[in-house]
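Be aware that the sequence shown starts at 19, since it is given in the numbering used here, and climbs by one per residue.
All residues carry an ideal CB built from backbone N, CA and C; glycine is no exception.
The structure presented is a predicted model; accordingly, all values stated were derived computationally and were not measured.
Below is one structure, written out as C-alpha cells, with a few remarks after it.
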Amino acid sequence: MKVALIGCGFFAMNQLHGWLAIEGVEVVALCDRDPERLKIASALTGPVRTYTDATEMLAAGGIDVVDIATTVGSHRALVELAALNNVHIICQKPFAPTLSDARAMVQAVESTGKTLMIHENFRWQSAVRAAIETARSGVIGTPFFGRISFRSGYDVFSGQPYLAEGERFIIEDLGIHILDIARALFGDATRITATTRRINPAIKGEDVATMLLEHEGGATSVVDCSYATQRAPETFPESLLEIDGEKGTLRLDAGYHLSVQLGEDVSTRDVSPPVLPWAERPWHNIQESVQIIQQHFVDCLAKGIQPETSGHDNLQTFALVEAAYMSAREHRTVDLAEL
Ligand code: NAD
Ligand code: 89V
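This is the structure in C-alpha cells:
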C-alpha cells in the first residue's frame with residue numbers, strides 16, 4: 019500500500035512512525051508547504067518523493083492512500099483534491115471547519131467509492147479500548163450512566179501554538195475525542211447540554227467544557243474537559259472513565275487501572291500502554307493509538323469493510339461538537355436533530 023503524507027508538522031511525525039512500522043505499507047511521498055518540515059520528515063523515511071504542493075504530488079500518481087495531517091483550515095480542499103485523484107483517505111480531526119463542510123467532504127469521497135477514515139484515535143488508545151471492550155462484553159450489564167473526564171494543566175500550547183489562537187479550543191480540539199469515546203461506549207447522543215469557560219487569559223478560546231449527553235439507548239453521560247486543572251500527579255493525556263451498568267461498574271482510573279466491580283467483588287488490572295520504540299512519555303498513550311488506528315485502516319482496506327471511525331461515522335461526533343458550542347452559546351439543551 020503506497021501512502022503519501024500531506025502535512026509534516028508536529029503530530030504527523032507520529033503518523034509517519036506508525037506507517038513505517040506497519041507491514042505492507044510503503045511511504046512513497048511527503049508533502050508540506052514548508053521545505054524545512056520536508057527535510058525533518060525525510061530524515062525518518064529515507065529518500066522519497068517530496069513536494070511543497072499536494073496537487074503536483076497527486077498528479078504524479080503512484081499513490082493508494084493519502085494521509086492528511088495538516089490543521090483543519092486546509093482539510094476540505096485537500097480531501098476534495100484526494101477524492102478527485104481517486105485515492106483512499108485518512109484525515110486528521112477536527113475533520114472540517116463546519117458540519118456542512120464535513121457532510122460535503124464525506125459525500126465527495128463516497129461518490130468515488132474510496133474509503134475515508136477520520137484519524138479519531140482516542141477510542142483506539144489501548145486502555146480506552148480495554149474499557150470499551152469490557153463494557154461491550156456485557157459484564158456490567160446495560161450501562162445507564164457514564165462519566166468521561168479529561169482534566170489537565172499540561173502545556174499543550176508549546177507544541178501546538180495554534181491551539182491558543184482559535185476562537186474555539188477545547189471542545190473542537192480535545193472534547194471531540196472525548197465525545198467520540200462517549201459514542202463508542204453508549205451509542206449516538208440525541209441531546210446535549212454544555213457550559214464552557216476560559217480560565218487561561220493567554221488564550222483566545224475556551225479551556226473548560228462540561229457536557230451532559232442523553233444517548234439513544236437511554237444512558238446519560240457526562241463529558242468533562244479542562245486544560246486549566248492543576249493535578250498532582252498530572253494525568254495528561256489520560257481519559258478517565260466511570261460507567262455504571264445494571265449489573266456492575268467499570269472504571270478506568272489514573273495510572274491506567276481498569277476495575278470491574280460486581281457486587282462485593284472488585285477486580286483490577288493494569289492496562290498501561292506500551293512505550294513504542296519511537297514514542298516518549300507522556301505522549302506514548304496517544305502515539306500507540308496512532309499506530310493502532312492506522313493498522314485498523316490497513317486491515318479494513320484489505321477486508322473491503324468500513325473503518326469504525328469512518329468519515330460517515332465521524333459526522334455524528336462532529337455534530338456533537340457543533341451542538342455543544344450551540345448549547346453553551348444559547349444556554350439551552352440542543353436536540354441533535356436540529357443539526
Ligand atoms: P502543525 O501546524 O504542526 O503541522 C501542520 C503542517 O501542515 C505544517 O508543517 C504546515 O506547513 C503543513 N501544511 C498546512 N497546510 C498545508 C497544505 N495545504 N499543503 C501542504 N502542507 C500544509 O499542526 P499539528 O499540531 O501537527 O496538527 C495537525 C493536525 O493534527 C490538526 O488537525 C490537529 O488537530 C491534529 N492533531 C491530532 C492529534 C491526535 O491525537 N489525533 C494530536 C495532535 C494534533
Ligand atoms: O489529541 C489532540 O488532538 C491534541 C491534544 C491531546 C493536545 O489535545 O491536540
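Taking non-hydrogen atoms of the ligand 89V into account, the C-beta of H137 is found less than 7 Å away from none of them.
The stretch 230 to 244 makes contact with the stretch 193 to 213, as at least three CB pairs between them are under 8 Å.
Taking a 10 Å sphere around the C-beta of I323, we find fewer than 16 other C-beta atoms and assign the residue as exposed. Comparing alpha-carbon positions, the option among S328, D271, T238 and A341 lying closest to A227 turns out to be A341. Here G156 is exposed: its Cβ has fewer than 16 other Cβ atoms, across all protein chains shown, within 10 Å.
The residue among G193, D225 and A30 with its C-alpha nearest the C-alpha of Q110 is A30.
By the C-beta density criterion, A61 is exposed, having fewer than 16 other C-beta atoms within 10 angstroms. Unbroken beta strand (DSSP E) runs of no fewer than 3 residues, entirely contained in the stretch 91 to 173, are found at 106 to 110, 134 to 137 and 161 to 169, following chain order. Relative to P65, the option among R55, A47 and L76 whose CA is nearest is A47. For E190 and V308, the gap between their C-alpha atoms comes out near 19 Å. Secondary structure note for M229: it is in no alpha helix (DSSP H), and the uninterrupted beta strand (DSSP E) holding it is V226 to H233. Secondary structure at S277: strand, using DSSP grouped into helix, strand and coil. Between the stretch 171 to 187 and the stretch 312 to 319 there are fewer than three inter-stretch CB-CB distances shorter than 8 Å, so the stretches are not counted as touching.
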